[in-house]
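Oh and the sequence shown: position 34 is 362 in our numbering, straight run, nothing missing.
From the three backbone atoms N, C-alpha and C, an ideal C-beta is built for every residue, glycine too.
Below is one structure, written out as structure tokens; the observations come after it.
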Amino acid sequence: MSNVLLIIPRYDVTKSNKKDYSYQSPVGLGYICATLRKEEYKVDCLNLNHSDKGLAELIHGALKKRKYDFVCTGHLGVGYPVIEKIINAVKSYNPNQAVIVGGPIISSEPEFMAENLKFDFGVVGEGEVTIIELLDFIKKNKDVSKVKGIVYKGKSGKIIRTSPRERIEDLDTIPFPDYSDFGLNEKMDNMYSIDSLYGTMDHPRTYFMIGSRGCPFQCTFCYQSLGQKYKTRSVKNIIKELEFAIDKYRANSFHMYDDLFSVNKERLYDFCKEVKKLNKRRNVNLRWVCSLWVSTVDEELLKFLKDSGCTGICFGFESYSKKVLKSMKKSITPEQIDNAMKACMKVHMPIIANFIFGDVTETKETAKETLDYWKEHCNDQAKLFFIHAYPGSEIYNHCIRKGLIKDKLDFIRNKIPHTFFMNMTDKMTDKEFEDLKKEIYRLKVKHGNYVVPFKVKKTDKKDVYNLSVKCPFCKQTSTHKNNYFSNRFFYRFHVHCRNCGMRYHLVSKVYKFTMDHYVELDFFRRNYLEYRGMLLRKKI
């Protein structure tokens, strides 16, 4: 039996070495853990998020306890600084320790990552079949170049990428994610009601899961590590995992973590019916959130979703300009966005949506189209962001071709965090782009709903408060219990009214002051965030 150490990386580098339970569950690593254990590998798990010790100290401590044949980890495309430090920590303890890395960080730029990170093997695409075959080949000293779906540096120093691994045809054959040693119960014990995804509950215990893989669309700002071939699990299989989550983790809510839960209305109706049956059978009242395509949504479906416990839908609006939507390859129209928005508002279905600016074809005029719609119709229910050039995406490759990204390593290691906005447009000057940023900040302040609670009551738990507040939309008063924040004088949360479903910002008086003077303070804020980010990345 081979021993494997599975490392769950830190996901929020801004918290440095502090314990953090706010990350979204690492579903991919959960699947890998389950797959390895099914094949009788001895798997130990090290969750770096649940300790306030230094990363290297934690990893060295784990490696001292047992001799491992393999160390495995993975991350999203933005996780380069963390993965680099994990690998370096492992190799500093034992240079010969085999390290295997997977996830979007590898799939987005396989050869580049193999050249710059000191892992032994990278897994490209779906990992369940590949990891078992790879470990078997290594143990038997067989030619690993015959293993599909991997990337590595050969003995000569040449980067070798093998032929692609075929997609898993039947997702129901994959074992449910195994989080038993990830500290999931500890994470759930530290969930609070202030999160925008499950803020309709005072004491959420939210289980993250996926019902599909891949995405049929080709959005230019997105990188699909699993490709365009869209595959779904059966409704029966998803419900079975939900029952497991209720029994194992006392889950009372769940988040369908798919990029797109379903493009098929009948499947959505079937799923809602089965969730209602599950609630009745197990005497529970599950709340849930999912991501949908705007063209799928209508008033009838929303009512059905809501009746089954759905308390929020994530949408990718992205732009209200036909020109920009076409450039982004979004396959939606402004009219569909408007219909989805109006339908959600009519049935009081909370939404989590974004408009993002800075596409290649963005101009002052297209940005104005989106901002005018946002001001008139969104009531601050959709966030305003700028596009980021994530590795592997079409717009990332555009930036490389155009010379906007001159040093890929520096960009991936230091520039991807959300404090860095780059003018990727063909038509806007840098000054016009900076003016757009200032205008968006100004509109956020003017049209954002920043509400100061009229009562803040300390509970018997450290840094946990009950907040009484009046909704700026329906004017109903409600108390949000079980809210965690370390500084009661400076906080901001996006919450949904539990009466009308509308979204607004719950803020302290000091934070309200900073928003009232956002533009004047922006120079200091952005410089502070940039230097703070640089310092914290060094402390990971």
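Same chain, Cβ closer than 8 angstroms to residue i, five either side skipped, listed in chain order
i: Asn613; result: Asn580, Asn607, Gly637
i: Thr698; result: Ser647, Tyr648, Ser649, Val652, Phe683, Phe685
i: Leu374; result: Leu333, Leu334, Ile335, Ile336, Leu386, Ile387, Ala390
i: Leu570; result: Tyr535, Met537, Ala579, Phe582, Val603, Leu606, Leu614
i: Trp702; result: Tyr648, Phe683, Ala710, Leu712, Leu771, His775
i: Gln664; result: Val622, Ser623
i: Tyr369; result: Met329, Ser330, Asn331, Val332, Leu463
i: Val475; result: Thr458, Glu461, Leu462, Phe465, Thr490
Contacts around residue i, its chain only, beta-carbon distance under 6 angstroms, and the 5 residues preceding and following it disregarded
i: Lys783; result: Ser796
i: Lys939; result: Any property of residue 939 remains undetermined from this structure, which presents the chain solely from 329 to 868.
i: Tyr396; result: Asn331, Leu333
i: Thr548; result: Met656, Lys657, Glu722, Ile723
i: Gly485; result: none
Sequence-distant residues of the same chain with beta carbon closer than 7 angstroms to residue i, five excluded per side
i: Val652; result: Asp687, Thr689, Glu690, Thr694
i: Ile740; result: Tyr408, Pro719
i: Phe589; result: Gly539, Ser540, Cys618, Ser619, Leu620
i: Phe506; result: Here residue 506 turns out to be Asp, not Phe, going by the sequence shown. Same-chain partners within the cutoff: Gly358, Cys361, Ala362, Arg365.
i: His403; result: Pro337, Val410, Ile411, Gly431, Ile433
i: Val732; result: The sequence shown places Leu at residue 732, rather than the Val named in the question. For Leu732, where only same-chain residues beyond five positions count, the Cβ hits under 7 angstroms are Met750, Met752.
i: Asp791; result: Tyr812, Phe813, Ser814
i: His378; result: Lys347, Gly511, Glu514
i: Gly482; result: Ile488
i: Tyr551; result: Gly405, Pro432, Ser436, Tyr718, Pro719, Gly720, Ser721
i: Lys674; result: Glu627
i: Gly477; result: Val451, Val452, Gly453, Thr458, Thr490, Pro492, Arg493
DSSP state of residue i mapped onto helix, strand, coil
i: Lys481; result: strand
i: Met673; result: helix
i: Ala579; result: coil
i: Ser508; result: coil
i: Arg826; result: coil
i: Glu571; result: helix
i: Cys642; result: strand
i: Val612; result: coil
i: Met584; result: strand
i: Val591; result: coil
i: His833; result: strand
i: Arg770; result: helix
i: Val472; result: helix
i: Gly526; result: Here residue 526 is Tyr; the residue named in the question, Gly, does not match the sequence. Tyr526: coil per DSSP, three-state reduction.
i: Thr689; result: coil
i: Ser330; result: coil
i: Cys600; result: helix
i: Leu499; result: helix
i: Leu404; result: coil
i: Thr624; result: helix
i: Phe817; result: coil
i: Ile566; result: helix
i: Lys877; result: Beyond the ends of the chain as shown, which are 329 and 868, falls residue 877; an answer cannot be given.
Whole-number beta carbon distance between residue j and residue i, since they are thought to touch under 8 angstroms
i: Gly720; j: Gly405; result: 7 angstroms
i: Met830; j: Phe801; result: 4 angstroms
i: Thr560; j: Arg533; result: 26 angstroms between Cβ atoms; not a contact.
i: Tyr778; j: His833; result: 5 angstroms
i: Val399; j: Val418; result: 5 angstroms
i: Ile641; j: Met584; result: Not really, about 10 angstroms apart at Cβ, beyond 8 angstroms.
i: Thr528; j: Arg826; result: 6 angstroms
i: Phe643; j: Ala681; result: 4 angstroms
N- and C-terminal bounds of the beta strand (DSSP E) containing residue i
i: His388; result: Premise fails: His388 lies in the alpha helix (DSSP H), 383–393, not in any beta strand (DSSP E).
i: Tyr535; result: 534–537
i: Lys785; result: 783–786
i: Ile679; result: 679–685
i: Ser655; result: Taken as a continuous stretch (DSSP letters only), Ser655 belongs to no beta strand (DSSP E), being part of the alpha helix (DSSP H) at 650–656.
i: Leu374; result: 370–375
i: Lys869; result: A question about residue 869 goes unanswered here, because the residues of the chain that appear run from 329 up to 868.
i: Lys809; result: 805–812
i: Phe449; result: 449–451
i: Ile488; result: 487–489
Host alpha helix (DSSP H) of residue i (start-end)
i: Leu549; result: Per the sequence shown, residue 549 should be read as Phe rather than Leu. No alpha helix (DSSP H) contains Phe549, which DSSP labels as neither H nor E.
i: Phe841; result: 837–844
i: Lys366; result: 355–366
i: Val457; result: 456–467
Cβ-heavy atom distance, residue i to the ligand ZN, below 7 angstroms
i: Leu386; result: Of ligands this structure carries none, so the ligand ZN is not represented either.
Inside the stretch 407–444 only - beta strand (DSSP E) runs reaching at least 3 residues
427–430
Just to confirm the assignment: which complete beta strand (DSSP E) runs, minimum length 3, are found wholly within the stretch 693–760?
With a minimum length of 3 residues, the continuous beta strand (DSSP E) runs that stay inside the stretch 693–760 are 710–714.
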